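Mapping of the sequence shown onto our numbering: residues 6 to 563, in sequence order.
Following: one structure in structure tokens, then a few remarks.
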Amino acid sequence: MALDALVVGAGPVGLVMASELARHGLSCRIIDQGEGPSIWSKAQIIHARTLECFHDMGVIDPILARGRQVAGARILSPTLERIARVEIGGIDSPYPFLLSLSQRETEIVLAEHLERVHGVKVERKVKLESFSQDEGGVTVALAAEDGWVEELRVPYLLGCDGSHSTVRKTLDLPFEGSTYDVRLLQADVRVELPVAVHDDEIAIFLGPNGMLGFFPLPGEGRYRMLTFVDADDKRPVALETFQELLKERGPAGASLGDPAWMIDFHIHCRLAPHSRVGRVFLAGDAAHIHSPAGGQGMNMGIQDAYNLAWKLALVTRGVAKDALLDSYEAERRPVAEETLRFTDVSTRGLQTALTMKSPLTIGIRNHLMSFVTSLGFVKERAGRTVSQIEVAYPKSPAVGQDQSSLWNIRLTGSDERPGLSDWIHFGDGPAPGARVPDMPVGSDTLHNLICGTHHTLLCFDGAAATNEGYERLGRIVAAARARLGDRVRAYVIVPGSELPTALPADVPVLLDPDGELHRRFGARSECIYVVRPDGYVGYRSQPADEDKLAVWLDRLFV
Numbered sequence: 006m007a008l009d010a011l012v013v014g015a016g017p018v019g020l021v022m023a024s025e026l027a028r029h030g031l032s033c034r035i036i037d038q039g040e041g042p043s044i045w046s047k048a049q050i051i052h053a054r055t056l057e058c059f060h061d062m063g064v065i066d067p068i069l070a071r072g073r074q075v076a077g078a079r080i081l082s083p084t085l086e087r088i089a090r091v092e093i094g095g096i097d098s099p100y101p102f103l104l105s106l107s108q109r110e111t112e113i114v115l116a117e118h119l120e121r122v123h124g125v126k127v128e129r130k131v132k133l134e135s136f137s138q139d140e141g142g143v144t145v146a147l148a149a150e151d152g153w154v155e156e157l158r159v160p161y162l163l164g165c166d167g168s169h170s171t172v173r174k175t176l177d178l179p180f181e182g183s184t185y186d187v188r189l190l191q192a193d194v195r196v197e198l199p200v201a202v203h204d205d206e207i208a209i210f211l212g213p214n215g216m217l218g219f220f221p222l223p224g225e226g227r228y229r230m231l232t233f234v235d236a237d238d239k240r241p242v243a244l245e246t247f248q249e250l251l252k253e254r255g256p257a258g259a260s261l262g263d264p265a266w267m268i269d270f271h272i273h274c275r276l277a278p279h280s281r282v283g284r285v286f287l288a289g290d291a292a293h294i295h296s297p298a299g300g301q302g303m304n305m306g307i308q309d310a311y312n313l314a315w316k317l318a319l320v321t322r323g324v325a326k327d328a329l330l331d332s333y334e335a336e337r338r339p340v341a342e343e344t345l346r347f348t349d350v351s352t353r354g355l356q357t358a359l360t361m362k363s364p365l366t367i368g369i370r371n372h373l374m375s376f377v378t379s380l381g382f383v384k385e386r387a388g389r390t391v392s393q394i395e396v397a398y399p400k401s402p403a404v405g406q407d408q409s410s411l412w413n414i415r416l417t418g419s420d421e422r423p424g425l426s427d428w429i430h431f432g433d434g435p436a437p438g439a440r441v442p443d444m445p446v447g448s449d450t451l452h453n454l455i456c457g458t459h460h461t462l463l464c465f466d467g468a469a470a471t472n473e474g475y476e477r478l479g480r481i482v483a484a485a486r487a488r489l490g491d492r493v494r495a496y497v498i499v500p501g502s503e504l505p506t507a508l509p510a511d512v513p514v515l516l517d518p519d520g521e522l523h524r525r526f527g528a529r530s531e532c533i534y535v536v537r538p539d540g541y542v543g544y545r546s547q548p549a550d551e552d553k554l555a556v557w558l559d560r561l562f563v
């Protein structure tokens with residue numbers, strides 16, 4: 006088998022999957038039934054965690070250059086009465102904002118990156134006809150419109166082919182869930198509003214006849230117009246319909262025109278029971294679909310691909326055990342389940358709010374909305390949730406930690422051994438399965454240090470500096486290198502401004518003069534963290550212990 010994988014579907018999820026497979030050293034092909042990138046932009050919002058993934062992939066600059074940063078939303082009545090202003094807050098990321106970018110533009114950037122950097126071109130107008138699998142691989146039948154057919158054999162098949170996934174249907178997996186009794190209408194239009202709206206704000210008009218949302222797009226005066234109508238509202242997807250809705254629900258004096266595209270669709274809340282069946286995987290809408298509340302769908306699918314690709318590469322290359330691939334479903338399915346719950350509650354709550362017609366109930370709703378959105382902790386919580394930086398995998402079979410039992414801890418530490426206070430503070434650091442935060446490290450940043458296709462071993466010296474401790478950390482670094490080779494980069498982090506002399510010369514040192522890095526990782530005493538290629542904590546221990554690290558490595562690596 007000359008190929009390592011076949012990716013089915015060249016939307017954002019499939020393009021990221023193919024790029025990540027190639028970046029991690031695998032050969033792949035990517036096929037799509039369509040003629041080119043999507044002409045409709047169902048997915049517009051790119052969140053902070055996805056932008057961090059794009060940074061790691063090396064595609065962040067063109068994405069930022071084409072997009073428009075969004076800092077919040079303004080909610081108004083059709084009579085221009087201010088109801089609420091929502092600011093995006095609490096996003097501890099180099100990208101603390103929403104990025105508005107048409108899905109079409111996102112696909113164009115990703116496809117160009119895939120071909121230019123990795124030499125992989127999307128094979129358009131190619132259909133997956135069928136496939137079957139056995140223990141050794143997947144046999145796939147492909148076909149094109151011109152009668153061309155091909156049969157090939159690949160180790161892995163990756164279904165990124167959307168909600169009507171041929172891969173999922175061929176696996177005979179149900180797509181359980183429900184459909185909301187509404188139509189969602191969207192259009193990319195030029196809009197003139199009778200009120201000043203900052204170009205980094207979403208404008209939402211909320212009145213007795215329904216809701217209208219205007220999401221800023223790159224380009225002068227261009228917005229995505231979004232609204233819900235009843236399922237039995239059969240008005241056509243036409244400019245006249247959007248103009249009618251603007252007149253019914255928007256402010257007097259507003260106008261729109263010059264549509265780039267218009268579309269309607271029904272909203273579903275569905276989840277496949279599995280995202281892995283043998284050598285076949287599902288990602289993105291092929292595995293889960295839900296309401297667009299919070300703009301989670303495309304972002305979640307991209308992170309499915311980001312989660313799976315590095316694992317597939319390590320297993321394919323014989324570095325990791327097949328059990329590592331089981332962690333894909335174990336990690337991503339709970340995220341999908343929680344997202345479906347969150348978006349379902351949000352959507353049904355909005356539907357209820359929009360049924361209010363009397364001035365009294367509308368007034369109560371608006372005052373409540375104004376009060377809730379003014380609370381600082383609500384803004385921060387909402388920002389952290391929708392940005393997906395709080396996504397974590399605490400129950401994953403691929404993560405772990407070793408920490409001395411509380412009953413074995415002394416009130417005060419001795420040399421490199423943790424005391425009670427050290428034990429407590431270790432709990433404040435990133436837990437197993439948590440995303441590693443970004444912060445300055447010398448003239449660089451932590452995210453830049455962990456970027457790449459490698460694992461990162463962070464060995465914290467702690468407050469007590471002893472030759473014995475440095476020798477132990479040196480042995481841990483050597484053991485990790487012996488096991489993973491160039492697939493791991495190791496650093497010893499010293500809380501001070503001077504390089505320790507007891508460390509081997511080939512062990513890189515990061516100086517932490519103000520102790521901030523130690524504080525963020527709860528490292529008051531000696532400890533270690535292993536950061537995975539996707540930027541999440543795979544393992545940590547307090548105190549640092551070479552043998553216990555080896556046990557964790559044995560679980561996952563050959």
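Just so it is clear, CB atoms sit at the ideal spot from N, CA and C, and this is done for glycine as well.
Predicted, not measured: the structure shown is a model, and the values here were computed from it.
Discussion item. Taking the beta strand (DSSP E) that arginine 195 belongs to, which residues open and close that run?
Written reply: 181-197
Discussion item. I want to know whether the region 12-20 touches the region 34-50 - three or more CB-CB distances under 8 angstroms.
Written reply: yes
Worksheet item: When you compare only the Cα positions, how much space is there between arginine 275 and alanine 288?
Response: 13 angstroms
Worksheet item: In whole angstroms, what is the alpha-carbon distance linking valine 482 and glycine 543?
Response: 16 angstroms
Worksheet item: What residue ranges within the region 121-174 form continuous beta strand (DSSP E) runs of no fewer than 3 residues, ordered along the chain?
Response: 131-139, 142-149, 154-159 and 161-164
Fill in: Where serine 546 sits in the DSSP three-state scheme
strand
Worksheet item: In chain order, what residues of the same chain have a beta carbon less than 6 angstroms from the beta carbon of aspartate 407, not counting five sequence neighbours either side?
Response: Ser546 and Lys553
Fill in: Bounding residues of the beta strand (DSSP E) (the contiguous stretch that carries serine 105)
103-105
Item to complete: With DSSP as the reference, label glutamate 40 as helix, strand or coil.
Response: coil
Item to complete: Mind checking which residues open and close the alpha helix (DSSP H) that includes methionine 22?
Response: 17-28
Practice prompt. Evaluate the contact criterion for the region 459-470 versus the region 493-501: three or more CB pairs, one atom per stretch, below 8 angstroms.
Written response: yes
Discussion item. According to DSSP, simplified to helix, strand and coil, what is valine 64?
Written reply: coil
Worksheet item: Are there 16 or more other CB atoms within 10 angstroms of the CB of tryptophan 153, so buried, or fewer, so exposed?
Response: exposed
Worksheet item: So, using beta-carbon positions, are leucine 133 and valine 196 closer together than 8 angstroms?
Response: no
Worksheet entry | CA-to-CA distance, proline 364 to glutamine 248, given in whole angstroms | 25 angstroms
Item to complete: Quick one: grab the DSSP three-state call for glutamate 206.
Response: strand
Worksheet item: Across which residues does DSSP place phenylalanine 562 in a beta bridge pair?
Response: Ala325
Discussion item. How far does the beta strand (DSSP E) with aspartate 235 in it extend, from its first residue to its last?
Written reply: 227-235
Discussion item. Using the three-state DSSP reduction, which class does methionine 267 fall into: helix, strand or coil?
Written reply: strand
Worksheet entry | Residue range of the beta strand (DSSP E) that includes leucine 81 | 77-81
Worksheet item: With DSSP run on the structure shown, which of helix, strand or coil describes cysteine 456?
Response: coil
Discussion item. On the criterion of 16 or more Cβ atoms from any shown chain inside 10 Å, does histidine 52 qualify as buried, or is it exposed?
Written reply: buried
Discussion item. According to DSSP, simplified to helix, strand and coil, what is alanine 10?
Written reply: strand
Fill in: Cross-strand partners of alanine 89 (DSSP beta bridge)
Ile80
Worksheet item: For alanine 192 versus methionine 303, is the C-beta distance shorter than 8 angstroms?
Response: no
Worksheet entry | Extent of the continuous alpha helix (DSSP H) to which isoleucine 429 belongs | 425-431
Practice prompt. Please confirm if the region 30-46 is in contact with the region 290-298, defined as three or more CB-CB distances below 8 angstroms between the two stretches.
Written response: no
Item to complete: Classify valine 172 as buried or exposed, calling it buried when 16 or more other Cβ atoms lie within 10 Å of its own Cβ.
Response: buried
Discussion item. Can you give me the C-alpha to C-alpha distance between leucine 217 and alanine 257, rounded to a whole angstrom?
Written reply: 13 angstroms
Worksheet item: Beta-carbon separation of serine 564 and glycine 438 under 8 angstroms?
Response: Any answer about residue 564 is impossible in this case: the structure gives the chain only from 6 up to 563.
Worksheet entry | Burial state of isoleucine 369 (16 or more Cβ within 10 Å) | exposed
Worksheet item: Per DSSP, which one or two residues make a beta bridge with tyrosine 534?
Response: Leu463 and Arg545
Discussion item. Within 10 Å of its beta-carbon, does arginine 87 have 16 or more other beta-carbons around it, so buried, or fewer, so exposed?
Written reply: exposed
Practice prompt. Round the Cβ separation of arginine 71 and valine 114 to the nearest angstrom and send it over; I've been treating them as touching at under 8 angstroms.
Written response: 7 angstroms
Worksheet entry | 8 angstroms contact criterion, which serine 98 and serine 392 should meet: CB distance rounded | 7 angstroms
Item to complete: Please go through the same chain and pick out, in chain order, the residues whose beta-carbon is closer than 6 angstroms to the beta-carbon of phenylalanine 431, but skip the five residues on each side of it.
Response: Gly527 and Gln547
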